[in-house]
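Heads up: the sequence lines are chains A and Y, in that order. The opening position of the first sequence corresponds to residue 1 in my numbering, with each subsequent residue numbered one higher. The opening position of the second sequence corresponds to residue 1 in my numbering, with each subsequent residue numbered one higher. Note that the Cβ used here is the ideal one computed from N, Cα and C, for glycine as well. Structure first, then comments.
Protein chains: 2
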Amino acid sequence: MADGYDELTGRVTIRTVAADAGVSVAAVSKVMRNAYGVSDALRLKVEASIEKLGYRPSVAARGMRGRTFTVGVLLVGIDNPFLPSIYQGIESVTEVSGYKIMVGVGAARARTEVTLIEQMIDNRMDGLILVASQIAGETLEHYARQIPTVVVGHHEPAALGYDTINNDDRMGAGLAVKAFLERGYRDIAFVFPTDDEDHSADVAPQREIGYRMAMAEAGLPARVLALPNYSAPREDRIRAILTAPDRPRAIFCWSDLDAIPLLDEARRLGLRLPDDLALIGYDNSPMAGLSVVDLTSVDQNGPRLGKLAAEALFTRMNGRTVAEHILIEPKLVRRGSL
Amino acid sequence: MADGYDELTGRVTIRTVAADAGVSVAAVSKVMRNAYGVSDALRLKVEASIEKLGYRPSVAARGMRGRTFTVGVLLVGIDNPFLPSIYQGIESVTEVSGYKIMVGVGAARARTEVTLIEQMIDNRMDGLILVASQIAGETLEHYARQIPTVVVGHHEPAALGYDTINNDDRMGAGLAVKAFLERGYRDIAFVFPTDDEDHSADVAPQREIGYRMAMAEAGLPARVLALPNYSAPREDRIRAILTAPDRPRAIFCWSDLDAIPLLDEARRLGLRLPDDLALIGYDNSPMAGLSVVDLTSVDQNGPRLGKLAAEALFTRMNGRTVAEHILIEPKLVRRGSL
DNA sequence: TGATTTACGTAGAACGGTGCACGATTCTGG
DNA sequence: CCAGAATCGTGCACCGTTCTACGTAAATCA
Numbered sequence: 001m002a003d004g005y006d007e008l009t010g011r012v013t014i015r016t017v018a019a020d021a022g023v024s025v026a027a028v029s030k031v032m033r034n035a036y037g038v039s040d041a042l043r044l045k046v047e048a049s050i051e052k053l054g055y056r057p058s059v060a061a062r063g064m065r066g067r068t069f070t071v072g073v074l075l076v077g078i079d080n081p082f083l084p085s086i087y088q089g090i091e092s093v094t095e096v097s098g099y100k101i102m103v104g105v106g107a108a109r110a111r112t113e114v115t116l117i118e119q120m121i122d123n124r125m126d127g128l129i130l131v132a133s134q135i136a137g138e139t140l141e142h143y144a145r146q147i148p149t150v151v152v153g154h155h156e157p158a159a160l161g162y163d164t165i166n167n168d169d170r171m172g173a174g175l176a177v178k179a180f181l182e183r184g185y186r187d188i189a190f191v192f193p194t195d196d197e198d199h200s201a202d203v204a205p206q207r208e209i210g211y212r213m214a215m216a217e218a219g220l221p222a223r224v225l226a227l228p229n230y231s232a233p234r235e236d237r238i239r240a241i242l243t244a245p246d247r248p249r250a251i252f253c254w255s256d257l258d259a260i261p262l263l264d265e266a267r268r269l270g271l272r273l274p275d276d277l278a279l280i281g282y283d284n285s286p287m288a289g290l291s292v293v294d295l296t297s298v299d300q301n302g303p304r305l306g307k308l309a310a311e312a313l314f315t316r317m318n319g320r321t322v323a324e325h326i327l328i329e330p331k332l333v334r335r336g337s338l
Numbered sequence: 001m002a003d004g005y006d007e008l009t010g011r012v013t014i015r016t017v018a019a020d021a022g023v024s025v026a027a028v029s030k031v032m033r034n035a036y037g038v039s040d041a042l043r044l045k046v047e048a049s050i051e052k053l054g055y056r057p058s059v060a061a062r063g064m065r066g067r068t069f070t071v072g073v074l075l076v077g078i079d080n081p082f083l084p085s086i087y088q089g090i091e092s093v094t095e096v097s098g099y100k101i102m103v104g105v106g107a108a109r110a111r112t113e114v115t116l117i118e119q120m121i122d123n124r125m126d127g128l129i130l131v132a133s134q135i136a137g138e139t140l141e142h143y144a145r146q147i148p149t150v151v152v153g154h155h156e157p158a159a160l161g162y163d164t165i166n167n168d169d170r171m172g173a174g175l176a177v178k179a180f181l182e183r184g185y186r187d188i189a190f191v192f193p194t195d196d197e198d199h200s201a202d203v204a205p206q207r208e209i210g211y212r213m214a215m216a217e218a219g220l221p222a223r224v225l226a227l228p229n230y231s232a233p234r235e236d237r238i239r240a241i242l243t244a245p246d247r248p249r250a251i252f253c254w255s256d257l258d259a260i261p262l263l264d265e266a267r268r269l270g271l272r273l274p275d276d277l278a279l280i281g282y283d284n285s286p287m288a289g290l291s292v293v294d295l296t297s298v299d300q301n302g303p304r305l306g307k308l309a310a311e312a313l314f315t316r317m318n319g320r321t322v323a324e325h326i327l328i329e330p331k332l333v334r335r336g337s338l
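Here you go:
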């Protein structure tokens, strides 16, 4: 097997190519990485052999010494309708750069996410984009020392070791409140997800702050209603909110994920939107645009977030060490629920 | 650096552990893989060091010789609401077995998917689960020779090199037609996705066959209406279908993905369901259950499909070579649209 | 008790790449 | 025309594991 071709597995290695092209292994490696010191003649020979043999470098072997040309993307969960647009934005950048993406799917639990991050480090990915991670900032700093990291949908403006890319959640909340006020609503509540873990850096608390600020500015009392995230009493709680005698006339909901069930139950109860209840969600998910749903929602511009995140990751992988914290402007998409 | 500890990266390697525990590198490796020939005393010593140092083996390095304990899951796209349930099923199996999952996201294009499969092979994953892949059976055979492979949502009952796990799409279509017939509908159309690529192994054509068979059995003429998949004339086509003078009274739609926009437009046009138009979709996606949507749909039991796929993959990775082709029974979930 | 077997632990060669150090050319400019 | 600088290509030592082959000590058997 002096030519590096393993007849058993049929695997073509860098040695197969080198033998076929009549050059050294190092030369082939150089061509692959288009490193310095390769003549056109050599390049052509090698590329011909690569093409002929269908050679693909082993990412595993590469990972042991050099780069893998792979970035890991960690998503909170797979069922969140907000993720595809961000993913798309990331992909639009990696696609042209020749980098590959590997996705890890968390289950909105910090423990799982930590495991996935470690897995990506162990796989020697070149960089990491964490989307809506639930992990504490301190822990993130720890991992970010081991691998270039960019975080999307998680506010950590003072982080030193990694970048954060977010939409301005406070401003988004402000847009929603302002829209209600313009239409004359005064009794405006905020629906907030309760959770077992504490994550003040997550987007929801930021939206709450924005809501409170806007309400205070208008001289109105804040009213925050909790809604359990996944547990069974969720539907009961929704019904309770909607049937309470002091039901708010307007609700700003931290996410479409909750706004849509809320809207759904409201319609079932015979409430007319926006006359009986005005509702604004967040994320402008595809479902919100259905005419049967017709939910007004704050749009974060997912593709842009993803694009910025990927771009930040690349500059970081190329040596930038000072952290960048980008905030982009959300905008309100008006529909029938307000 | 004789102890294997790299002070620069801070990375703990198998050598660090071996030095700390005062044993050989090979011994540590044995403990990690719980291989044969390890005394309790040795195991304890090594495990203590592993724990103390927080050692995690490098997947990249592992991939060069042995297994990576990672399986790749290739998903058609990230925005398909049918995928989370399957993924969940897969995860429920890998979770307890200590295997990790890496996800590749195709863009419903065979070219992209092929690249991702190669990437997973290059990453030395131990096995592959392809969900709703668009790749031709012949090509799949080629890759399946290089890595244990299980395919979900793609009918290839004669495949030799890989397993297929599916719900019985023909039966599912039959259930839908039968439900219409029971309610007295006779004018039943099938809405079918048109696509640039040809994929007779995909689920939609199977559903079409099931539909045609059930209609023939009832002595009724089949009526198939095409709907472009992503392109712009899509909305126009939906409107055309719904406003045509000979608009069908009942529509069986190959997927909720199309059924929901169809339903949405129907409501917008003032049609009442099921009186003016009866509609059944496929996949029973979360959206179908919203009371504002309230779409009757065929349920494939995604979690079960995922679970079976993962189990098949594990037996295959453990040496099984004869292909398995499993078909499970779908069931109709009745809601207001019929 | 001596001869096998069994159990345990180790040395060292892979695995498939990368990248440094270096030698051999070919280009420069004075 | 020659010294020095670019340019090009190669040899080889890694990277962090696995795993085969082998040595040694303890256990079992006749």
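>> Which of the three DSSP states is assigned to ALA232(A) in this structure?
In response: In the first sequence, residue 232(A) corresponds to position 232, counting from 1. Correct three-state label for ALA232(A): coil.
>> Under 8 Å, Cβ to Cβ, is there at least one residue of chain Y near ALA19(A)?
In response: Residue mapping note: residue 19(A) aligns to position 19 of the first sequence, counting from 1. ALA19(A) does not count as touching chain Y.
> In the segment 74 to 86 of chain Y, which residues sit with their C-beta less than 7 Å from some C-beta in chain A, listed in chain order?
Replying inline: ILE78, ASP79, LEU83 and PRO84
>> Could you pull the DSSP bridge partners for ILE328(A) from this structure?
In response: The residue you call residue 328(A) lines up with position 328 of the first sequence. Per DSSP, ASN167(A).
> Given that ASP122(A) touches chain Y, what residues does it touch there, using C-beta distances under 8 Å?
Replying inline: The residue you call residue 122(A) lines up with position 122 of the first sequence. Going along chain Y in sequence order, the residues near ASP122(A) (Cβ under 8 Å) are ARG56, PRO57, SER58, VAL59 and ALA60.
>> Let me check understanding here. Comparing Cα to Cα, which of ASN318(Y), LEU140(Y), PHE82(Y) and VAL298(Y) lies closest to LYS331(Y)?
In response: Here residue 331(Y) refers to the residue found at position 331 when the second sequence is read from its first residue. With distances taken between Cα atoms, LYS331(Y) lies closest to VAL298(Y).
> If LEU74(Y) sits next to GLY54(Y), beta carbons under 8 Å apart, how far is it from one beta carbon to the other, in whole angstroms?
Replying inline: Position 74 of the second sequence, counted from the first residue, corresponds to residue 74(Y). Position 54 of the second sequence, counted from the first residue, corresponds to residue 54(Y). No, LEU74(Y) and GLY54(Y) are not in contact; Cβ-Cβ is about 32 Å, not under 8 Å.
> Relative to chain Y, which residues along the segment 192 to 220 of chain A have a C-beta separation below 8 Å, given in chain order?
Replying inline: none
> How many Å lie between GLY210(Y) and ALA173(Y) at the Cα?
Replying inline: Within the second sequence, residue 210(Y) is the residue found at index 210, counting from 1. Within the second sequence, residue 173(Y) is the residue found at index 173, counting from 1. Approximately 5 Å between the Cα atoms of the pair.
>> So ASP264(A) contacts chain Y; which residues on that side make the cut at Cβ distance below 7 Å?
In response: Reading the first sequence from its first residue, position 264 is the one you call residue 264(A). LEU290, SER291 and VAL292, listed in chain order.
> Any idea what DSSP makes of LEU128(Y), helix, strand or coil?
Replying inline: Locating residue 128(Y) in the second sequence gives position 128, where the first residue counts as 1. Three-state result, LEU128(Y): strand.
> Between the beta-carbon of MET120(A) and the beta-carbon of GLY104(A), is there less than 8 Å?
Replying inline: As a working mapping, residue 120(A) is identified with position 120 in the first sequence. As a working mapping, residue 104(A) is identified with position 104 in the first sequence. Cβ distance < 8 Å, so MET120(A) and GLY104(A) count as in contact.
> Would you call the segment 40 to 59 of chain Y and the segment 46 to 53 of chain A touching, i.e. three or more CB-CB distances under 8 Å?
Replying inline: no
> Can you give the Cα-Cα distance for LEU263(A) and MET287(Y), rounded to whole angstroms?
Replying inline: In the first sequence, residue 263(A) corresponds to position 263, counting from 1. In the second sequence, residue 287(Y) corresponds to position 287, counting from 1. Approximately 13 Å, taken between the alpha carbons.
> Between LEU295(Y) and ALA259(Y), is the Cβ-Cβ spacing less than 8 Å?
Replying inline: In the second sequence, counting from the first residue as 1, residue 295(Y) sits at position 295. In the second sequence, counting from the first residue as 1, residue 259(Y) sits at position 259. Cβ distance < 8 Å, so LEU295(Y) and ALA259(Y) count as in contact.
> Going along chain A, which residues have a C-beta under 9 Å from ARG33(Y)?
Replying inline: Working through the second sequence from its first residue, we reach residue 33(Y) at position 33. Chain A residues near ARG33(Y): none, gap ~15 Å exceeds 9 Å.
> Since GLY63(Y) meets chain A, which of its residues come closer than 7 Å, beta carbon to beta carbon?
Replying inline: In the second sequence, residue 63(Y) corresponds to position 63, counting from 1. Chain A residues near GLY63(Y): ALA60.
>> Taking CB distances under 8 Å as the criterion, tell me whether GLN300(A) reaches chain Y.
In response: Counting from one through the first sequence, the residue named residue 300(A) turns up at place 300. For GLN300(A), the answer is no, since every Cβ of chain Y falls outside 8 Å of its Cβ.
> Just checking my contact of VAL114(Y) with ILE129(Y) at CB under 8 Å: how many whole Å lie between their CB atoms?
Replying inline: Against the second sequence, residue 114(Y) aligns to sequence position 114. Against the second sequence, residue 129(Y) aligns to sequence position 129. 16 Å between Cβ atoms; not a contact.
> Taking Cβ-Cβ distances shorter than 8 Å, what residues in chain Y pair up with ILE14(A)?
Replying inline: As a first step, residue 14(A) must be located in the first sequence, where it is residue number 14. In chain order: nothing, as chain Y lies at least about 13 Å away.
> Closest Cβ-Cβ distance between GLU118(Y) and chain A: below 8 Å?
Replying inline: Here residue 118(Y) refers to the residue found at position 118 of the second sequence. Yes - at least one Cβ of chain A is within 8 Å of the one on GLU118(Y).
> chain A beta carbons: is any one of them nearer than 8 Å to that of GLY22(Y)?
Replying inline: Within the second sequence, residue 22(Y) is the residue found at index 22, counting from 1. With 8 Å as the cut-off, GLY22(Y) does not count as an interface residue toward chain A.
> Which residues, in order along the segment 310 to 336 of chain A, keep a beta-carbon less than 7 Å from a beta-carbon of chain Y?
Replying inline: none
>> I'd like to know if ARG268(Y) contacts chain A, where contact means its C-beta is closer than 8 Å to some C-beta of that chain.
In response: In the second sequence, counting from the first residue as 1, residue 268(Y) sits at position 268. Closer than 8 Å to some Cβ of chain A, the Cβ of ARG268(Y) qualifies, so yes.
>> Is there a Cβ of chain A sitting closer than 8 Å to that of GLY104(Y), yes or no?
In response: Position 104 of the second sequence holds residue 104(Y). Yes, GLY104(Y) lies at the interface with chain A (some Cβ there is under 8 Å from its Cβ).
> For the candidate residues PRO81(A), ASP275(A) and SER29(A), whose alpha-carbon lies nearest to that of ALA132(A)?
Replying inline: As a working note, residue 132(A) is residue 132 in the first sequence. Nearest of PRO81(A), ASP275(A) and SER29(A) to ALA132(A), Cα basis: PRO81(A).
> MET287(Y) CB to nearest chain A CB: under 8 Å?
Replying inline: The count along the second sequence starts at 1 and reaches residue 287(Y) at position 287. Yes - at least one Cβ of chain A is within 8 Å of the one on MET287(Y).
> Tell me which same chain residues have a C-beta within less than 6 Å of the C-beta of HIS325(A), skipping the five on either side of it?
Replying inline: To locate residue 325(A), count along the first sequence from 1; it is residue 325. Contacts found: PRO157 and THR164.
>> Tell me which residue opens and which closes the alpha helix (DSSP H) that GLY63(Y) is part of.
In response: For this step, residue 63(Y) is matched to residue 63 along the second sequence. Element bounds for GLY63(Y): 59 to 65.
>> Which residues in chain Y have a C-beta closer than 8 Å to the C-beta of ILE260(A)? List them in chain order.
In response: Residue numbering aside, residue 260(A) sits at position 260 when the first sequence is read from its first letter. Within 8 Å Cβ-Cβ: LEU290.
>> Can you check which of these residues, ARG33(Y), SER200(Y), ALA204(Y) and VAL76(Y), is closest to VAL59(Y) by C-alpha distance?
In response: Here residue 59(Y) is taken as the residue at index 59 of the second sequence, counted from 1. Here the closest residue by C-alpha is ARG33(Y).
> Hey, quick one: how far does the alpha helix (DSSP H) through TYR143(A) stretch, first residue to last?
Replying inline: For the purposes of this step, residue 143(A) is identified with residue 143 of the first sequence, where counting begins at 1. That run of the alpha helix (DSSP H) goes 137 to 144.
> Looking at the unbroken beta strand (DSSP E) that takes in PRO193(Y), where does it start and where does it end?
Replying inline: Counting from 1 along the second sequence, the entry for residue 193(Y) is found at position 193. Residues 188 to 194.
> According to DSSP, is ILE147(A) helix, strand or coil?
Replying inline: By one-based count along the first sequence, residue 147(A) stands at place 147. It is coil, neither helix nor strand.
> Using a Cβ-Cβ distance under 8 Å, would LYS52(Y) count as near chain A?
Replying inline: In the second sequence, the residue the question calls residue 52(Y) occupies position 52. For LYS52(Y), the answer is no, since every Cβ of chain A falls outside 8 Å of its Cβ.
> Could you give the uninterrupted runs of the beta strand (DSSP E) lying entirely in the segment 256 to 299 of chain Y, keeping only those of 3 residues or more?
Replying inline: 278 to 282 and 296 to 299
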